[in-house]
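Residue numbers (the working numbering): 173 to 414. Just so you know, even glycine gets a beta-carbon here, dropped at the ideal spot from N, CA and C. All figures in this text were calculated on a predicted structure; none of them were measured in a lab.
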Amino acid sequence: MSLAKDSIHIVTQAKGGVGKSFISRLLIQYLREHMNVFCFDADPLNDGLVSFKGLEAHKLDIKMINGNLDSRAYFDPLFETILLNDCCFLIDSGASTHINFINYIKGSDILNLFKENNREIFFHVPLAGNVDFHDCYKELLKLAKLFPHNKFVIWENEFHGELEENYDQDANYKELSNIIGAVKLKDLQSSPLLYDLELMNKKKLIFSEVDENQNYFGAIIRRRLELYKNSIYSQLDTVFDL
Numbered sequence: 173m174s175l176a177k178d179s180i181h182i183v184t185q186a187k188g189g190v191g192k193s194f195i196s197r198l199l200i201q202y203l204r205e206h207m208n209v210f211c212f213d214a215d216p217l218n219d220g221l222v223s224f225k226g227l228e229a230h231k232l233d234i235k236m237i238n239g240n241l242d243s244r245a246y247f248d249p250l251f252e253t254i255l256l257n258d259c260c261f262l263i264d265s266g267a268s269t270h271i272n273f274i275n276y277i278k279g280s281d282i283l284n285l286f287k288e289n290n291r292e293i294f295f296h297v298p299l300a301g302n303v304d305f306h307d308c309y310k311e312l313l314k315l316a317k318l319f320p321h322n323k324f325v326i327w328e329n330e331f332h333g334e335l336e337e338n339y340d341q342d343a344n345y346k347e348l349s350n351i352i353g354a355v356k357l358k359d360l361q362s363s364p365l366l367y368d369l370e371l372m373n374k375k376k377l378i379f380s381e382v383d384e385n386q387n388y389f390g391a392i393i394r395r396r397l398e399l400y401k402n403s404i405y406s407q408l409d410t411v412f413d414l
């Protein structure tokens with residue numbers, strides 16, 4: 173499978189706090205190794221992308237009607253922009269607007285509209301470990317069945333603990349034919365790499381900016397971060413067959 177340079181990537185999960193913005197940042201940087209990427213931060217409550225200046229992400233303007241999100245005014249400009257531009261797009265959909273977002277996509281027939289324009293959409297869904305697993309897994313099944321003609325990538329996030337063993341042997345999972353692969357984010361609680369990544373997060377830096385900040389990131393830290401980046405990118409190469 174080749175990855176089209178006008179593909180669209182949606183990172184979404186109903187459960188909050190499961191690493192969605194971190195995953196979005198990793199994915200943007202990976203995609204930019206191969207193509208131009210325009211990214212939207214669609215989370216009204218957090219600045220998980222726009223606070224990282226190196227990503228050059230764009231924040232959607234919140235539109236409210238009687239205290240509720242105006243999905244039409246919030247999402248129409250986003251998808252109109254994508255339709256009019258032949259480049260790769262990534263959307264970080266916030267947990268607080270997840271239901272609005274999915275209902276909008278379904279109700280506006282967005283996926284078929286893009287299919288008619290020969291644009292491919294990938295859903296990237298985090299699965300968190302420990303107590304968050306079942307909620308995340310249930311949402312993955314729901315989304316994959318709701319959009320059966322779109323490809324799904326699972327991000328196995330072990331930051332809060334291991335995922336349920338052999339979940340991919342579950343009968344409900346085996347019914348799915350649109351999951352193309354998984355990326356594992358290993359538990360780093362006992363690794364110095366955790367502190368390296370937290371420092372990157374605190375300084376709001378992306379991988380390409382680490383070498384420019386050697387006063388904070390020494391040679392050993394930079395090597396650990398390079399190895400981590402390469403491990404994620406190699407998994408994505410496998411998923412996308414690049």
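Answer yes or no: do residue i and residue j have a C-beta to C-beta separation smaller than 8 Å?
i      : j      : result
Asp383 : Arg394 : yes
Ala267 : Gly188 : yes
Ile326 : Leu312 : yes
Thr184 : Phe305 : no
Asp359 : Glu330 : yes
Cys415 : Asn208 : Shown here, the chain extends from 173 to 414; a query on residue 415 therefore has no answer.
Lys225 : Lys376 : yes
Tyr388 : Leu399 : no
Please identify the residue among the options whose C-alpha is closest to the C-alpha of residue i.
i      : options                           : result
Lys356 : Ile180, Glu328 and Tyr388         : Glu328
Ala186 : Asp368, Leu175, His270 and Ile352 : His270
Ala300 : Lys177, Arg204, Asp178 and Gly191 : Gly191
Leu397 : Met207, Ser380 and Asn387         : Ser380
Ser243 : Cys308, Lys225, Asn275 and Leu175 : Asn275
Ile352 : Asp248, Ser223, Val411 and Asp178 : Val411
Thr253 : Tyr339, Asp178, Ile378 and Ser193 : Asp178
Asn344 : Gly390, Gly279 and Tyr309         : Tyr309
Leu175 : Asn238, Leu198 and Arg291         : Arg291
Gly390 : Phe194, Tyr339 and Leu365         : Leu365
Tell me which same chain residues have a C-beta within less than 8 Å of the C-beta of residue i, skipping the five on either side of it?
i      : result
Cys211 : Ser196, Ile200, Leu221, Leu227, Glu228, Ala229, His230, Phe261, Leu262, Ile263 and Asp264
Leu250 : Phe212, Ala214, Leu232 and Ile263
Asn350 : Ala316, Phe319, Pro320, His321, Asn322, Lys323 and Phe324
Tyr405 : Tyr202 and Glu205
Ile234 : Pro216, Leu241 and Tyr246
Which of helix, strand or coil does DSSP assign to residue i?
i      : result
Glu381 : helix
His270 : helix
Phe331 : coil
Phe412 : helix
Ser265 : strand
Phe286 : helix
Lys278 : helix
Lys187 : coil
Lys401 : helix
Lys323 : strand
Leaving aside the five residues before and after residue i along the sequence, list all residues of the same chain whose C-beta is less than 7 Å from its C-beta, in chain order.
i      : result
Ile293 : Ile180, Ile182, Leu283, Phe286 and Asn322
Asn302 : His332 and Gly333
Ile277 : Leu283
Leu255 : Asn289
Met236 : Asp242
Leu198 : Ile404
Can you list, in chain order, the residues of its chain with a C-beta nearer than 6 Å to that of residue i? Leave out the 5 residues immediately preceding and following it.
i      : result
Asp368 : Ile393, Arg396 and Leu397
Ala354 : Ile326 and Glu328
Could you tell me which whole alpha helix (DSSP H) segments of length 4 or greater appear in the region 337 to 363? 343 to 346
Counting only runs that start and end within the region 295 to 320, where is the alpha helix (DSSP H) found for 4 or more residues in a row? 305 to 318
Run through the region 193 to 263 for me and flag every whole alpha helix (DSSP H) of 4 or more residues, listed as ranges in chain order. 243 to 256
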